[in-house]
Amino acid sequence: MSNLLSEHDHPLKEFLEGLHHLSIDIARLKPEVGYEEKRGGYCDLQVAILDHEIPGASKLVAAKKLLLGTRSSDPKRLAFRLARELKVWAGLGHPHVLPLLGFYLGDNYKTAVLISEYMVHGDLNDYIARMKPSYDERLHLVRDLTDGLAYLHTQTAPVRHGDLKPGNVLVNLQRRALLSDFGLSKALDTNPTGFTTGNDVRGTVRFSSPEVLLQGAAAQLLANDMWSWGCLVLETMTDKPPFADILPEPQLILALAQGQSPSQEPTCGVLEHSSKPTAHSGRLS
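All residue numbers for the sequence shown refer to the UniProt record's numbering, where the first residue is 1 and numbers rise by one.
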């Protein structure tokens with residue numbers, strides 16, 4: 001996401017006060033029966049009931065637990081970076097961007113829980129595998145995620161996603177796509193792989209642009225989102241992840257170095273940022 005404030009300008013406590021209205025008592029979360037907890041490389045995901053003071057107003061939510069204390073960086077520093085990203089997330093409002101319902105930060109900043117509405121159809125991979133959507137239905141999903149990305153990129157202070165992939169696109173009850181998990185890789189100072197393994201062909205590396213993998217370019221550039229967007233559209237429409245025929249990641253990086261592209265849209269696969277399409281142009285095409 002966009003740079004908001006220097007870590008030295010505002011102490012963490014002051015920053016969290018600005019997010020006080022979103023702070024949720026962890027005791028209000030009750031694990032929902034019948035849903036297994038998913039464990040990942042940088043977070044655990046639990047489906048839970050968020051209790052409400054008003055009878056009948058409780059809500060089924062997804063509670064993503066980030067284990068800040070297990071990382072090499074100082075937990076307080078990571079908590080501050082996370083708070084910056086949460087402030088951006090809380091200020092967004094779009095039908096195809098997952099809303100933030102609240103968060104919990106405790107255990108001396110070692111544990112953070114991000115709370116959002118539970119999406120019944122899961123992520124894009126889950127939905128496509130289970131529901132087998134038609135070509136037209138897939139086009140609707142592509143339009144949804146493109147509209148969401150265009151919204152992020154056209155903010156007054158543009159917001160980049162930073163980790164576009166099927167696992168970070170959720171599908172709601174109405175079968176509409178919503179972008180999720182933007183900014184987390186930046187906040188945690190990592191390249192998260194979500195709930196995939198290092199040998200999974202759908203890992204994050206497969207959706208990373210050549211600029212990031214080969215040139216060490218800043219991942220926050222909006223153009224890098226567009227490479228990932230092209231890969232995401234390709235998989236959504238074909239059921240094949242980028243470079244599906246290349247499993248080991250070192251071979252994938254070599255293929256990129258040799259100029260191979262996973263996209264049928266030639267301008268998505270070029271190295272020059274200025275030559276890539278934008279989310280706005282993708283929405284209009």
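In this text, a Cβ means the ideal position worked out from N, Cα and C, and glycines have one as well.
Are the beta-carbon atoms of residue i and residue j separated by less than 8 Å?
i	j	result
residue 171	residue 119	yes
residue 113	residue 179	no
residue 50	residue 29	yes
residue 241	residue 206	yes
residue 262	residue 221	no
residue 67	residue 111	yes
residue 24	residue 102	yes
residue 204	residue 142	no
residue 169	residue 157	no
Any idea which residues DSSP pairs residue i with across the strands?
i	result
residue 49	30 and 60
residue 14	Per DSSP, none; premise fails for residue 14.
residue 116	62
residue 225	None, per the DSSP bridge assignment.
residue 136	Its beta-bridge partners do not exist; DSSP assigns none.
residue 44	39 and 65
Can you tell me whether residue i is buried or exposed? The criterion is at least 16 other CB atoms within 10 Å of its CB, across all chains shown.
i	result
residue 108	exposed
residue 17	exposed
residue 135	exposed
residue 88	buried
residue 13	exposed
residue 131	exposed
residue 20	exposed
residue 79	buried
residue 91	exposed
residue 33	exposed
Helix, strand or coil for residue i per DSSP?
i	result
residue 37	coil
residue 208	coil
residue 179	strand
residue 196	Annotation note: pLDDT 29 at residue 196 (below 50); position unreliable, coordinate value reported separately. The answer is coil: DSSP assigns residue 196 none of H, G, I, E or B.
residue 123	strand
residue 25	coil
residue 164	coil
residue 170	strand
residue 215	helix
Margin query: To test your reading of the DSSP string, which unbroken beta strand (DSSP E) runs of 3 or more residues are found completely within the stretch 60-114?
Written below: 102-106, all fully within the stretch 60-114.
Next item on the list: Report the residue ranges of all alpha helix (DSSP H) runs contained in full by the stretch 227-271; include only those spanning at least 4 residues, in chain order.
Entry: If we require 4 residues or more, the alpha helix (DSSP H) runs fully inside the stretch 227-271 come out as 249-257.
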